[in-house]
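Scroll down for the structure; my scribbles are underneath it.
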Amino acid sequence: MSASLGIAVSRLEESRSKKIILPSKLDDGSIVTWSKSGKSNRGWMMVVVMYVLIGIAVIFDKHDKLRKADIDMRKQILKALPRFTNQLLLMMNSGVILSDAFHKICYGYSMMQIEHQGELERNIIAMTESAELTNRSIPILFSELAKKYSVKELMRISTVLRENEKRGSNIQEKLERESAFLWDIRKVIAREQGKLIDTKMTYPLGLLLVLLIIITMAPAMMSM
Numbered sequence: 001m002s003a004s005l006g007i008a009v010s011r012l013e014e015s016r017s018k019k020i021i022l023p024s025k026l027d028d029g030s031i032v033t034w035s036k037s038g039k040s041n042r043g044w045m046m047v048v049v050m051y052v053l054i055g056i057a058v059i060f061d062k063h064d065k066l067r068k069a070d071i072d073m074r075k076q077i078l079k080a081l082p083r084f085t086n087q088l089l090l091m092m093n094s095g096v097i098l099s100d101a102f103h104k105i106c107y108g109y110s111m112m113q114i115e116h117q118g119e120l121e122r123n124i125i126a127m128t129e130s131a132e133l134t135n136r137s138i139p140i141l142f143s144e145l146a147k148k149y150s151v152k153e154l155m156r157i158s159t160v161l162r163e164n165e166k167r168g169s170n171i172q173e174k175l176e177r178e179s180a181f182l183w184d185i186r187k188v189i190a191r192e193q194g195k196l197i198d199t200k201m202t203y204p205l206g207l208l209l210v211l212l213i214i215i216t217m218a219p220a221m222m223s224m
């Protein structure tokens with residue numbers, strides 16, 4: 001039967017006809033039933049599934065990068081905020097009014113090299129320049145900045161500045177409390193970053209240890 005089937009297949013391959021009719025009976029009288037293989041369909045399905053999975057992975061990776069960038073931005077602001085609050089407090093303690101204090105701080109930040117300017121420094125520069133051009137008050141612009149980043153520590157400082165604008169009250173004491181609170185937060189962030197560095201160092205060292213064990217055991221396993 002296999003020989004007859006081989007002959008039938010050879011005839012089909014040699015045929016130049018545009019339409020091929022599959023035989024229902026072989027030369028030896030055997031009845032043949034033809035069926036369509038599902039392998040090709042499965043192959044296409046696998047390709048489609050792979051593309052879908054790759055697409056999902058790309059979307060998740062993009063969202064993860066955006067989330068990490070947002071977290072990094074907030075950490076930058078929180079790290080720079082204690083120094084800014086201290087600068088503002090020192091100037092107001094020396095008798096400088098709020099708007100002038102911001103201009104002096106802005107000037108100091110603008111003298112920094114661009115690569116050394118953080119997220120907060122760049123925003124303080126832009127905000128102070130915007131206040132000059134639009135005649136809008138700095139506390140209002142600072143409040144908008146706090147809402148933009150949704151950093152609660154920025155919002156607390158914003159509330160203190162708005163209080164000074166509305167009531168003309170002395171805010172040095174409140175700024176001093178906020179400054180102490182912000183320095184505590186910065187210490188926590190520094191500790192977390194230290195732990196993260198330790199974790200990043202531990203993983204490659206652990207991987208290296210596993211590789212050394214495998215290399216050491218390989219000759220003994222091959223000789224077994």
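Residue numbers (the UniProt record's numbering): 1 to 224.
C-beta atoms are modelled at their ideal positions from N, C-alpha and C, and glycine is treated no differently.
Being a predicted model, the structure only gives us computed values, none of them experimental.
Q. Ordered along the chain, which non-local residues of its own chain (more than five positions away) have a Cβ less than 7 Å from that of residue 146?
A. 154, 155, 158
(Q) Does the contact criterion of 3 or more C-beta pairs under 8 Å hold for the stretch 46 to 60 versus the stretch 130 to 150? (A) no
Q. Using DSSP with H/G/I as helix, E/B as strand and the rest coil, what is residue 171?
A. coil
Q.
Can you look up residue 239 in the DSSP assignment and give me helix, strand or coil?
A. The structure shown has nothing for residue 239, since the chain only spans 1 to 224.
Q. Using the C-alpha atoms, what's the distance from residue 128 back to residue 79?
A. 20 Å
Q. So which of 92, 118, 100 has the shortest CA-CA distance to residue 72?
A. The option with the nearest alpha carbon to residue 72 is 118.
Q. Roughly how far, in whole angstroms, is the beta-carbon of residue 84 from the beta-carbon of residue 56, given that I think they are within contact range, below 8 Å?
A. Between residue 56 and residue 84 the Cβ distance is about 41 Å, and since that is not below 8 Å, they are no contact.
Q.
I need the boundaries of the alpha helix (DSSP H) containing residue 127, first residue and last residue.
A. 119 to 134
Q) In terms of alpha-carbon separation, which member of 177, 209, 170, 187 lies closest to residue 94? A) 170
Q: With distances taken Cα to Cα, identify the nearest neighbour of residue 181 among 65, 64, 86.
A: Of the candidates 65, 64, 86, the residue whose Cα lies closest to the Cα of residue 181 is 86.
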